[in-house]
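Let me begin by presenting the structure, written as structure tokens, before commenting on it.
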Amino acid sequence: MAVFLTEAGPAITQFVCQFCSILAVVLIFCLDSTVAETKITSDPLNIMSSWNMSVHFCQWRGISCDKRHQRVTGLNLNSQKLQGSLSPYVGNLSFLQVLVLSNNRFSLEIPAEIGNLRRLQTLYLYENLFTGQIPANLSGCTNLVAISFANNNLVGKIPAGFSNLVKLQGFNVQMNKLSGGFPAFFGNFSSLKLIKATLNNFVGSIPDSLGQLKRLSYLSMGGNMLSGTIPPSIFNISALQVLSLPVNKLRGTLPPEMGNMLPNLVNFSVGDNEFTGFIPLSLSNASNLQMFTIAINGFSGLMPSLEKMKGLFWLSISTNNLGTGQYGDLRFLDTLSNKTSLKLLSISANNFGGPLPSSITNLTSLNTLTVDFNQIFGSIPSGIGNLVNLGQLDMGNNRFTGEIPVEIGSLKQLIKLSLYSNHFSGTIPSSIGNLSLLTHLKLEENSLHGVIPPSLGKSQSLLLLNLSQNNLSGSIPKELMTITSLTISLSVSQNYLTGQLPAEVGALTNLGELDISNNMLSGGIPDSLGSCVKLEFLYMQRNSFRGSIPTSLGSLRGLQVVDLSHNNLTGNIPDFFESFHSLLRLNMSFNDLEGIVPTKGVFENSTATSVEGNSKLCGGIAEFQLPSCNIKATEKRGLSLSLKLIIAICGLLGAVLVLASLCFLFVKRGRVEPKSNPSLNLSLRTSYQILLKATDGFSQANLLGVGGFGSVYKGVLEENGPIIAVKVLNVFHPAASKSFKAECKVMRNIRHRNLVKLLTACSGFDYQGNEFKALVYEFMVNGSLEDWLHPFHGSDETQESPRKSLNFLQRIGIAMDVACALDYLHQGNQTPIVHCDLKPSNVLLNEELEGRVGDFGLARFFAENATAYNLDPSSTIGIGGTVGYAPPEYGTGNEVSTSGDVYAYGILLLEMFTGKKPTDDLFTDDLSLHSFVEAALPEQVEKLLDPILLQEIREREMDQDRAESSSNTRISQVWDRIVSIFELGLTCSAQSPSERMKMVDVTVELSTIQKALFGS
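Numbered continuously in our numbering, the sequence shown closes out at residue 1032.
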């Protein structure tokens, strides 16, 4: 060939070279797998349609050529939704300078042949699904200026041969699974300006050689396992604008001249490390600083002046040892008085003392102000009402005095108000009822007096209301019982409240905890309390309740703790407590109860049940030390009760027959009776030996599933003991340890009925001396939501066993359960928790098909307002999540946020009611689950609905055709609600985070739909 070209002349040479270029480009993305080793499997935007011989290849879409020789110099197919793998024929484009395939769905390994492209300057493969290692022979591309492999699934180390890439200016490998130490030879790349290595598994220390990079402006290595100190040479890089190293194991102190050495610093983030020492006084000279985050370290001393930082908008110094506990600690806040851009100010969990300066009221742009867990005293500054943009105000656990200002009621954007554990006096301002967005109101442990303002009933977004441990008097306003949004807790305990518990309490159907203990309440326990079917914790002790325990409480099957002690209750102990398999503690001591004490369920454990102080009780287990029962008297009582029961059943039967004729749409939400399961001990201690025995040697027969970081086994603790689920971590996975710590950290701080309960954890060694880590959870008898939505996924669809299916009301109930769980994670804690991996396989179902969210291996504690203020993507740790459920912004390097969970929830909701996975084969062109639903609404809603649900509704429609004609109107209303469900899913899964709803609003909307359907 070479001889031929020489003899044929330049014209033929150019023709052959052009022909080779055409052939190479065609082979790279050939749609015929018989021609090339790999292929494009999906081209929804029809990019390849322009790649034909009717036009010159230099005019093909995405192709750039040099004008002189017409050789391909650029291939740019960014964000074209291409799916498939990258062919090794790309290595034949020898004149290629720019290769951009970012934001697509390319998978498999990066072809080593790219290393043949000696002229290549720009290589962007970020936001794909590439696996395997970074090709070592890329070291041959010595002209490379910019490399980005961000947001893929690459493993292994950075190749040693990369030391040849001396022209590099930008290097981005964040959000992969790379390991090993970060190479020291990067310090030789004198032109390097940007290093992004966030969210990998890098270990060792930060190379001191990086301090030689005088042009470096961006250094981000957060979310790894780096240790040691920050090399002093790093602080000599005067061009540095971003230094982001959070969530590592770094230690040491900050240099005294740091503020003078880094004059261009914009973002300094070293949160969640092990730093100590003082904050340098020279920091006051860092006039360009916009974001300063040192939370969760061991810094001490006082904060310097921040006056020169004109653009500061994020100051997080919480969870350190700053301050002296005395007057003057907070003077630095006066230097913030002109910071109109400040959005977040968090100084919580330190040792700050003195009064809160009045200058704080000038920060009118503040969205979050947290000063809790300090020693601040004095009153809340007048003018607090100026902070009209405030969404979170947390002043708990301090020494504040005085009255709660009435003007707090003018903070219309307030979502969380926490003033607990102080010395506030006076009355609760009725103006707080004007805060329509308020979800958390915590005023416990103060000296407040007077009555509970009925106006609080106007706060219809409240999830948690805690007024306990004050000096409140009067009755419990029935208006509180109209706050149907209450899901976490309502506590008014340890006050001086009188009167009865309002019968309207039955409206709180989603309430998880009710605490009215230690008051002076009287009357009977209202029957309507049995309507609070989501109750898990019921505290009514130390009041003057009388009468018998209502049989309606038998519907509260999720109860875990019940305390009715120290009242005047009479009658028998209801038998239904025996069947409450979730019940961990039952206290009915010091009442006037009579009759036989049951012996099953919680009554089998004398440490979990207390019945002392009831002189008329008999029987029970021996540990109760009660007298034996008079059998004849018992039989007589039983006969009397049987007669009453028969009469009651006859009366109810007529009512049931009438109600049955009106039930025309949905069957009652299915329930599966659980097997006998003794109460789980939350203080359970375990070991490798115990778990080995419980799972029968981690046998395949007990294997429930395999996940990203390990395997889950079913087990039984001891003979006839409780059934458990054991998640055994794969300790050889580089991120398993981080996942284990994350899950333990999260589960230690949360408690909600819709979250899978972590019983204990085990960290030790097996019999071979290998490291062993495991998490022990309550066992969910009905598996995962994935099992019910897609029962044949990965199995033989021809199997004869009946298909699992969920009816309409069950799906709505599970959707509400998941929404409540996410809402709690996002707003039920001092610091929001982002789950990061919500999907059907992480939603488990108990014996009553109630949803429980699990798997917190990727979860992160997070400041909720981060995404709202365009923070640098590397400033906080981000998680990719699972394909199909991860929001699009995670793919562009943005940090995790609660809106990312909302996106995943939206996709989950659409999946639940269409029956289609977001990765379904149907969605291969320009179609996604979101766009599929969006295109069909509202006219073609029937085509969207899962065929199982459609059949259910059709059957109900047929029933209605035989009933009164007015039912047709109600059926149309049902279809309207179905449209509303899909619209809710679309809003949650919107492309832009700003267009998505908050989970608190999702729960309200879904509750409205749920009630409308139940009403129908």
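Glycine included, each C-beta is placed from N, C-alpha and C at the ideal position.
For C548, name the three-state secondary structure that DSSP assigns. Taking the first residue of the sequence shown as 1, we reach residue 548 at position 532. Looking at C548 - three-state DSSP - the assignment turns out to be coil, as it is neither helix nor strand.
Let's test the definition: count the other Cβ atoms within 10 Å of the Cβ of R573 and tell me whether it reaches 16, buried, or not, exposed. Stepping through the sequence shown from its first residue, residue 573 is reached at position 557. Classification for R573: buried.
Pull the bridge partners of F122 from the DSSP assignment, please. Taking the sequence shown and counting its residues from 1, the one referred to as residue 122 is at position 106. For F122, which the question treats as bridged, DSSP gives the partners G100.
For the candidate residues T623, A365, M832, K616, whose alpha-carbon lies nearest to that of T7? Past the edges of the chain, shown from 17 to 1032, lies residue 7, and the structure says nothing about it.
Complete runs of the alpha helix (DSSP H) confined to the segment 816 to 840 [at least 4 residues]: Those alpha helix (DSSP H) runs which fall completely within the segment 816 to 840 and span 4+ residues do not exist here.
When the Cα of L435 is compared with those of S452, G412, E423, which residue comes out closest? Against the sequence shown, residue 435 aligns to sequence position 419. Nearest option by C-alpha distance: G412.
Can we count F218 as close to the ligand ADP, meaning its CB is less than 8 Å from some heavy atom? The ligand ADP is not among the ligands present in this structure, which contains no ligands whatsoever.
Bridge partners - C645, DSSP secondary structure assignment: Taking the first residue of the sequence shown as 1, we reach residue 645 at position 629. Answer is none; C645 lacks a bridge partner.
Which residues in the same chain have their Cβ closer than 7 Å to the Cβ of D6, if we skip the five residues on either side of it in sequence? Any answer about residue 6 is impossible in this case: the structure gives the chain only from 17 up to 1032.
What separation, rounded to the nearest whole angstrom, lies between the Cα atoms of S857 and G721? Position 841 of the sequence shown, counted from the first residue, corresponds to residue 857. Position 705 of the sequence shown, counted from the first residue, corresponds to residue 721. Spanning the two alpha carbons is a distance of roughly 10 Å.
Please classify S1010 as buried or exposed, where buried requires at least 16 neighbouring CB atoms within 10 angstroms. Within the sequence shown, residue 1010 is the residue found at index 994, counting from 1. Label assigned to S1010: exposed.
Report the rounded CA-to-CA distance for N94 versus G900, giving the unit in angstroms. For the purposes of this step, residue 94 is identified with residue 78 of the sequence shown, where counting begins at 1. For the purposes of this step, residue 900 is identified with residue 884 of the sequence shown, where counting begins at 1. Approximately 19 Å, taken between the alpha carbons.
Would you check if the distance between the CB atom of P279 and the CB atom of S303 is smaller than 9 Å? Stepping through the sequence shown from its first residue, residue 279 is reached at position 263. Stepping through the sequence shown from its first residue, residue 303 is reached at position 287. Yes; because the gap between Cβ atoms is below 9 Å, this pair is in contact.
Let's test the definition: count the other Cβ atoms within 10 Å of the Cβ of Q1026 and tell me whether it reaches 16, buried, or not, exposed. The residue given as residue 1026 occupies position 1010 in the sequence shown. It counts as buried.
CB contact flag (G148, L124, <9 Å): Along the sequence shown, one-based indexing puts residue 148 at 132. Along the sequence shown, one-based indexing puts residue 124 at 108. For G148 and L124, yes; Cβs fall inside 9 Å.
In angstroms, rounded to a whole number, what distance separates the CA positions of A717 and V732? Along the sequence shown, one-based indexing puts residue 717 at 701. Along the sequence shown, one-based indexing puts residue 732 at 716. In a straight line, the C-alpha of A717 is about 13 Å away from that of V732.
Restricting to Cα atoms, I'd like to know which of D1017, G314, S332 is closest to Q476. Counting from 1 along the sequence shown, the entry for residue 476 is found at position 460. Comparing Cα-Cα distances from Q476 to each of D1017, G314, S332, the minimum goes to D1017.
Just the Cα atoms here: how many angstroms apart are G244 and I250? Here residue 244 refers to the residue found at position 228 of the sequence shown. Here residue 250 refers to the residue found at position 234 of the sequence shown. Rounded to the nearest whole angstrom, the C-alpha separation of G244 and I250 is 14 Å.
Cβ contact (3+ pairs, closer than 8 Å) linking the segment 404 to 421 and the segment 379 to 390: yes
Per DSSP, W991 forms a beta bridge with which residues? Locating residue 991 in the sequence shown gives position 975, counting from the first residue. BP columns for W991 are empty, so no partner.
Secondary structure of A790, DSSP reduced to three states: Translated into positions along the sequence shown, residue 790 becomes position 774. Looking at A790 - three-state DSSP - the assignment turns out to be strand.
Bridge partners for W330 per DSSP, in chain order? As a position in the sequence shown, residue 330 is number 314, starting the count at 1. According to DSSP, which records beta bridges pairwise, W330 is partnered with M307, L360.
Evaluate T814 with the Cβ neighbour count: other Cβ atoms within 10 Å of its Cβ, from every protein chain shown; 16 or more gives buried, anything less gives exposed. Here residue 814 corresponds to residue number 798 of the sequence shown, with the count starting at 1. Confidence is the limiting factor: at T814 the pLDDT is only 40, short of 50, which leaves the residue's position unreliable, though a coordinate-based value still follows. Looking at its Cβ environment, which holds fewer than 16 other Cβ atoms inside 10 Å, T814 is exposed.
With a CB to CB cut of under 7 Å and the five nearest residues on each side skipped, what residues in its chain are close to A255? Within the sequence shown, numbered from 1, the residue matching residue 255 stands at position 239. The beta carbon of A255 sits closer than 7 Å to the beta carbons of K230, R231, L232, S233, N280 from its chain, once the five residues preceding and following it are set aside; these are given in chain order.
Using 8 Å for Cβ pairs, my map puts L953 next to E999. What's the rounded Cβ distance? The sequence position of residue 953 within the sequence shown is 937, counting from 1. The sequence position of residue 999 within the sequence shown is 983, counting from 1. Yes, they are in contact, since the Cβ atoms of L953 and E999 sit about 7 Å apart, within 8 Å.
Rounded C-alpha distance that separates R1012 from A835: Translated into positions along the sequence shown, residue 1012 becomes position 996. Translated into positions along the sequence shown, residue 835 becomes position 819. Each residue's alpha carbon lies about 14 Å from the other.
Just the Cα atoms here: how many angstroms apart are N68 and A837? In the sequence shown, residue 68 corresponds to position 52, counting from 1. In the sequence shown, residue 837 corresponds to position 821, counting from 1. Distance between the alpha carbons of N68 and A837: 53 Å.
Count the other CB atoms within 10 Å of the CB of P963; is the residue buried (16 or more) or exposed (fewer)? As a working note, residue 963 is residue 947 in the sequence shown. With fewer than 16 other Cβ atoms within 10 Å, it is exposed.
Does F291 come out as helix, strand or coil in the three-state DSSP assignment? Residue 291 sits at position 275 when you count from the first residue of the sequence shown. Strand, per DSSP.
Which of the three DSSP states, helix, strand or coil, is assigned to H456? The residue given as residue 456 occupies position 440 in the sequence shown. Here H456 sits in strand by DSSP.
Neighbour-count burial assignment, T898, 16 or more Cβ in a 10 Å radius: If you number the sequence shown from 1, residue 898 lands on position 882. Label assigned to T898: buried.
Spatial distance of Q989 from S164 (CA atoms): Mapped onto the sequence shown, residue 989 falls at position 973. Mapped onto the sequence shown, residue 164 falls at position 148. C-alpha separation (whole angstroms): 52 Å.
Please name the residue or residues paired with T138 in a DSSP beta bridge. As a first step, residue 138 is located in the sequence shown; it is residue number 122 there, counting from the start. Beta-bridge pairing links T138 to V114, A162.
Same chain, Cβ closer than 8 Å to G418, five either side skipped, listed in chain order: Numbered from 1 along the sequence shown, position 402 holds the residue referred to as residue 418. Here the set comprises G394, S395, I396, F440, S441, G442.
Mapping DSSP to helix, strand and coil, what is E241? Translated into the one-based positions of the sequence shown, residue 241 becomes position 225. The sequence as given places Met at residue 241; Glu does not occur at that position. Three-state DSSP puts M241 in a strand.
Using CA atoms only, rank isn't needed, just tell me which of T292, A213, F73 is closest to G317. One-based indexing of the sequence shown puts residue 317 at position 301. Ranking the options by Cα distance to G317, first place goes to T292.
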